[in-house]
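Single-structure report; data block below.
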Amino acid sequence: MGRMKFLCDIERCIDCSGCVVACKEGHHIPVGVNRRRVITINQGKPGEKSISVACMHCADAPCIAVCPVDAIYQRDDGIVLVSKETCIGCGYCFMACPFGAPQFPSGQVFGARGAMDKCTFCAGGPEETFSEKEKTLYGQNRIAEGKVPLCAAMCATKALLAGDADEVADVYRERVFKRGSGANAWGWDKAYQKK
Amino acid sequence: MKKLILPGCILFWAMATLAIAQSQGQLLTNFGPSPSTAAFHEINGLFTGDWQQYGQLFTELQSKIFSQIFLLVVTVVPLIFLLHYLVIGPMIFSHEGRQIYYFNLFARCIHWCAAISFALLVLTGLLIIFGSLVGGGVLLRSGRTVHLISAAIFSVSALFMLLIWAKDMIYAPYDFMWMLIMGGYLSKKKKPVPAGKFNAGQKSWFWLATLGGMVMAVSGYFLYSFQGSPDTLRLSAIIHNFLGAAMIAVFIVHLYMSLFAIKGAIRSMISGYKAEAELTILHSRFKF
Amino acid sequence: MAQRKIRKSSSVGTKTSRVTLNPKVARRSFLKLSAATAALTGVAMTTRMTAKAASPAVANAAYPDSKMVRSICTHCAVGCGINAEVRNGVWVRQEVAQDHPVSRGGYCCKGASAIDMVTSEKRLKNPMKRVNGKWQKITWDQAMSEVAAKLTAIRDKDGPDALHLNGSAKVSTEMAYLQRKFAAFWGSNNVDHQARI
Amino acid sequence: MTNSLNDMRHAKSFIFIGSNAAEAHPISMQHILHAKEVNNAPIIVVDPRFTKLAAKATEFVRIRPGSDCAFIMGLINEIIQNGWEDKEFIRTRVAGYQEMAEVATQYTPEEVENITGIPADQVRKVAKILATNRPTSLTWCMGGTQHSIGSSITRAFCILQLVLGNMGKSGGGTNIFRGHDNVQGATDMCVLSDNLPGYYGLSDGAWKHWCRVWDVDYDYIASRFKEKEWMNAKGFTLSRWYEGVLGEEKIEQYTPIKAMIQWGCGSNSNSQYNRVVQAYNKLDLFVIIDPFPTMAAATCTTDNVYLLPCSSQYETSGSVTSTSRQIQWRHKIVDPIGGCRDDYTIMKDLVGRLGFADEFYKNIKEVPEDITREINKGTLTIGYNGQTPERIKKHMENWHTFDIETLQAKGGPCDGEYYGMPWPCWTETHPGTPILYDVSKSVAEGGLPFRNRFGMDTTYVMSGREENQLAAQGICNPGSEVKGGYAEFKDVVPGTNWKTDLSQKTIKDAIARGMAPFGNARARCVVWTFPDQVPIHREPLHSPRPDLIEKYPTYEDKPNHFRVFTRYKSEQNSNLVKDFPYVLTTGRMVEHMGGGAETRSNKYLSELQPEMYAEINPVLGNNLGLRDGEMIWIESPEGGKVKVKAFFTERVDAKTIFMPYHFGGTLMGESLAGNYPAGHEPYVMGDAANVCTNYGYDIITQIQATKDGLCKVSRA
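Protein chains in written order, with this note's numbering: chain A, 1 to 195; chain B, 1 to 288; chain C, 1 to 197; chain D, 1 to 716.
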């Protein structure tokens, strides 16, 4: 299996939040937790750009490095997952993440943060695939079903690409070639840089 | 001449392209300002602050250095004292004779509140730092809760300690001397060391525990509440860890002194009385 | 910076293998995924690929015994396709209508939350009327007979044009037709809908 | 839309005017951006606001609200002056061109700049972009229509496309993005006070046609009316029905309105909403049929209200017509939840209790399929007759077989048909018409000429010129028996024409002869029945430019405009701007829909857009001493006011204030949360922007003018 990657095409994203709600509705995420967000810069001015960001599933993931209890791990296909059973909600992963991906639902003792929640690339979690427990804790496991993540599949303008790195790069390269502009792929320099 | 043909061709082609581009440029406008590093940088800033500045630092510190420092603190410091105990040995004073009322009941209560909560803070704190050995989960989550409650108790106790002892803890000139001779702990002889009601070591520990404790409380609050910019959180975490390591180190010193280095020193914190023999040596400047 | 830990977790292999306890599923997903990713882009789309990804065997893996219903989003006039996965009369999941010719699986935030239209706890579940300023639950029979009686009384007293019907652009074409037909049979041209505004 | 969303992939340039497709129709952007990327098509966005669509534009044109007609006429003038018009297209397929061109000469780029605020050079630039990148796809939405001159503005858009020769071409056309999911279908079914289904109008002939379809006596239907004359009189409209209740304006009806049924219609999308609320409270009976309690349920505080919970559209089935005129079948996903009932059941119950079920349901046994069949039988004008329920469902089942570029099925059971059989779909074997007025295909394959609707010869009042309205010689669809223009078909079955021949023999006959049943004529630039025969600019009723009122005054007052007196000239007041100095415009946001009853009851959407706000330029905000994020009052000249949060943004210019119109639940700053049935109040509540939208209605359609009113702003 190849390596899974996200890519948001900044020229196509129209800030419709389809990806955000697709993710929430698909995984039954509580209000207040955003596995994915759309950020707009220069709002209302020429040069307004929007971008949809979630966990980038970094190759050399800082969150894995800083987790004091090793709750975060990486699969062979590059997808970074968290075990909510292990996580203690310390919040270090949020501080280490360049993309603001880790989310912490509150409602635990003394309002402390609960276990970290983040984008799973629609790959569920460490529990048994398709089990009820996996569904409640992590949402759908679409990767095991052979389906692409909801956010990218439901993207209104196909700005958000997800899947095998080679395929994503091919699609994006073709697009950039067609429009002849030198758009960069946001976040790749940080997420996937080679050591 | 031949050498000029190729560059010439290229130049002509470039100019032609440019001319065509210009003639159409007005109409077939490109796609506005193309995304630049600056735009990405701005997006990054919106997400988690300037990751390059503290994010990277925090990641590097947290991934290796913090745990190593703590490992050092909890292994090397006790080892040094073990050596001290074996080589120099504890000081033994007679607990008979004149007893001087040293700590009143309130002070003792506050001390033990602070002591127990601090011990819990250290234990649960270390638990989180070496969480991977325990495997996280329920144990550590309750550990976090204990850490939180202890922090609250300790913060209040620390405030009271400041009220009770701050006056006695102001450094005096002779404290410098005490520092120079390391409080006399490096010799086996019982020579009077220059110290008031509290010696320079105790004073330092006091200020670290109270003022340092305040810093720990503030940075800890940020980590607990997550209110503040990502960079604030990162700085808080860095400070919390470094300061915590320092406090644990000194805490171990304090433990060693009260439990092992000076035999029976702990009694004064239970009964409130200290023996004259001990005071004349260790607190020679104290007027009783 | 995190090389050590990553290597540790992948070399031990326990954690990664935990993810795919069922090796059969894992292998199948392995084969399917590249096809599905190509399909999502809308560029490399072919029916062969999408048909594969949407084959019933895979569709039912997560929700056994579910069936797929094709419908249309109710929010704007683009008319995006909706693939609804239904099990035991419950809409369990909104699946991607990847091969709808207009939307190609795309949704905006409104379309992506289509299930909420059915499950929202804010939905009214019983007819209600106001009695002395307070809302009161009533039965359909009571509601309809009261409404019909009042309508008839108004019609008898003031004539059919005393009723205005605001129809809807959110109902089906058939229902819209019935609304216009209703006005005609009622005997008034006082009927209109949102196209006017 | 004359073309389809997918067909926009072939456009070589776009002009959006009064449309914010990125927010209102996000999925359409898939095709628009494709054309932008692959065809390198420039996107021109004309709007008072720098919208999210403008962020994707190559050229953003900031226009003063309500001056669209001047801008478009200016473009037409510039195109003609430079000789960029499509001369052959105009010669063969356009009528009244000279008269229109004469009017257009008044709109020089400098005059356009004076009226619209668009720099003259930009007008020239846009004209050149359109001239050099053909075909252009022109899109407008409510920003183009909700003005007192809305009908002139939209006609100007069409004329621009005629002048450029972009009609009937792939990648061209006038592509109006419709709002609600089935507004096209509901409009086609004419849930309108001036038409019977299929745009038949209200003439006796129309009534007789539909009585034949319904299989009832004409006399029976006539007996249902108060007098026969009321059958032919346009009724009250959604935008002004409340005048019939309040009685403050003179109404042309024998009785005031006493009862109201609001069936799937949000309430706070009406302008001057505070007056609508007064009307609600004056009604003897108010029935609200909706899945969610609309704002009407909270604003009407009398005991005469009934809330009937109908199911959502996912809990019932039926066909829906998309903006591309495609008809799709919306299958029922789940049964109605709780005690809800679907619309058909409620209608059946109501009709039964009112005692005309036998006549009403004479040919309707299987719901909704039999209703579709009845529609197929009667709606001949726009070719709704080929889309049988079976065919629509077949298209749904095989939607994957349709090509994304052409929307034509490649192989499979629907081979050769166009997705959703966009109307007109003349027969049960017709593939549908993907592009209207396209003479490059035969009629049987989805081609179409312009309709012959307005007679044969016309003498124009302004020039005295007489012109034949039929298409020129040689212009026809391939395979047409008549090589050139021809009149509409009639008397194939004696006594009927193609619109009223229920046997549909006339239509089939025409198609067999390669001809369109409705004839082959020219598109006209002059509409001799309208007050402005050629579109001209007129200042909005509440104009921020008193200096222009004299030169571009509005219409004379219209006494019986859909049964209610409507003020134009007497409303236009050049002193108003002194007290109400800012232009108020409204619009959509992507997270909400219409009055927002549905979307504000959705937790995720509410989370994304939790607050009502007004967009104010920082310059204006600072000049007024406001702070970003603080509460402000916005007041309209009619006394409506809303308390909203100030949102400083450069999306709007310093003279304009923008509000989204989806919010409701508070009225003039007071929360109505307690007036909803307990537990059913929406998650998000805010002042309804339409409390502030001004008086003003289109001269033809009576659409409300919500985009070009005036307001004043103060700190709350």
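We put the beta carbon where it would ideally sit given N, CA and C, even for glycine. Just so we're clear, the structure is a prediction, and the values are computed from it rather than from any experiment.
Inset, instruction - Output the boundary residues of the alpha helix (DSSP H) element that contains T459(D). - result: First-last for T459(D): D457 to T459, but that is the beta strand (DSSP E), not the alpha helix (DSSP H).
Inset, instruction - Quickly, what does DSSP pair N468(D) with across the bridge? List them, please. - result: D457(D)
Inset, instruction - Measure from the C-beta of E174(C) to each C-beta in chain D and report whether the shortest distance is under 8 Å. - result: yes
Legend entry - Among E445(D), P291(D), T323(D) and G639(D), the one whose alpha carbon lies nearest that of C310(D): P291(D)
Inset, instruction - Name the two residues that bound the continuous alpha helix (DSSP H) containing I375(D). - result: E369 to G378
Legend entry - Rounded C-alpha distance that separates A53(C) from C23(A): Interpretation of A53(C) is limited by its pLDDT of 42, a score under 50 that renders its predicted location unreliable; the figure taken from the coordinates is listed afterwards. The alpha-carbon atoms of A53(C) and C23(A) are separated by roughly 20 Å.
Inset, instruction - Just mark Q140(A) as buried or exposed, buried being the case when its beta carbon has 16 or more other beta carbons within 10 Å. - result: buried
Legend entry - R563(D) and I251(D) closer than 8 Å at C-beta: yes
Inset, instruction - Name the two residues that bound the continuous alpha helix (DSSP H) containing S148(D). - result: Careful: S148(D) lies outside any alpha helix (DSSP H) and carries neither H nor E.
Legend entry - Short Cβ contact (8 Å threshold) for V147(C) with L165(C): no
Inset, instruction - Compile a chain-ordered list of the residues in the segment 9-41 of chain A whose CB is closer than 9 Å to at least one CB of chain C. - result: I14, C16, S17, G18, C19, V20, V21, A22, C23, K24, E25 and G26
Inset, instruction - Pick helix, strand or coil for N690(D), following the three-state DSSP scheme. - result: helix
Inset, instruction - Could you list which residues in chain A have their beta carbon closer than 7 Å to that of S63(B), in chain order? - result: A65 and V66
Inset, instruction - Would you kindly check if the distance between the Cβ of L584(D) and the Cβ of L380(D) is under 8 Å? - result: no
Legend entry - Buried or exposed (CB count within 10 angstroms, at least 16 for buried), S23(B): With a pLDDT of 40 at S23(B), under the threshold of 50, the modelled position of this residue cannot be trusted, and the question is left open.
Legend entry - Assigned secondary structure, G55(B) (DSSP; H/G/I helix, E/B strand, else coil): helix
Inset, instruction - Answer yes or no: does any C-beta atom of chain D fall closer than 8 Å to that of L7(A)? - result: no
Legend entry - For H430(D), three-class secondary structure by DSSP: coil
Inset, instruction - Taking L221(C) as part of the beta strand (DSSP E), name the residues at either end of that continuous run. - result: Beyond the ends of chain C as shown, which are 1 and 197, falls residue 221(C); an answer cannot be given.
Inset, instruction - Within 10 angstroms of the Cβ of Y254(D), are there 16 or more other Cβ atoms? Answer buried if so, exposed if not. - result: exposed
Inset, instruction - Say whether chain A places a C-beta atom closer than 8 Å to the C-beta of C109(C). - result: yes
Legend entry - Neighbour flag for Y92(A) against chain B, beta carbons, 8 Å: yes
Inset, instruction - With DSSP collapsed to three states, give me the class of P559(D). - result: strand
Legend entry - Which residues DSSP lists as bridging K712(D), in chain order: E635(D)
Legend entry - Min CB distance M116(A) to chain B below 8 Å: no
Legend entry - Every unbroken beta strand (DSSP E) within the segment 10-56 of chain A, with a cutoff of 3 residues, ordered by chain: 37-41 and 49-53
Legend entry - Beta-carbon gap between P544(D) and Q572(D) smaller than 8 Å: no
Legend entry - Spatial distance of D335(D) from D628(D) (CA atoms): 47 Å
Inset, instruction - Report the residue from A152(A), A61(A), G114(A) and A156(A) whose alpha carbon sits nearest the alpha carbon of L196(A). - result: Residue 196(A) falls outside the range modelled here, since chain A spans only 1 to 195, and no answer is possible.
Inset, instruction - Leaving out five residues on either side along the sequence, give the residues of the same chain with a beta carbon under 6 Å from the beta carbon of I90(D). - result: Y97
Inset, instruction - Give the DSSP-derived three-state secondary structure of P478(D) in the structure shown. - result: coil
Inset, instruction - Measure from the C-beta of S268(B) to each C-beta in chain A and report whether the shortest distance is under 8 Å. - result: no
Legend entry - Three CB pairs or more closer than 8 Å across the segment 167-175 of chain D and the segment 5-22 of chain D: yes
Inset, instruction - Identify every run of the alpha helix (DSSP H) within the segment 66-129 of chain A, keeping only runs that are complete inside it and at least 4 residues long; order them along the chain. - result: 92-96
Legend entry - Meets three-Cβ-pair contact criterion under 8 Å: the segment 465-473 of chain D and the segment 331-348 of chain D: no
Legend entry - Among K258(D), S480(D), Y361(D) and P637(D), the one whose alpha carbon lies nearest that of K181(C): Y361(D)
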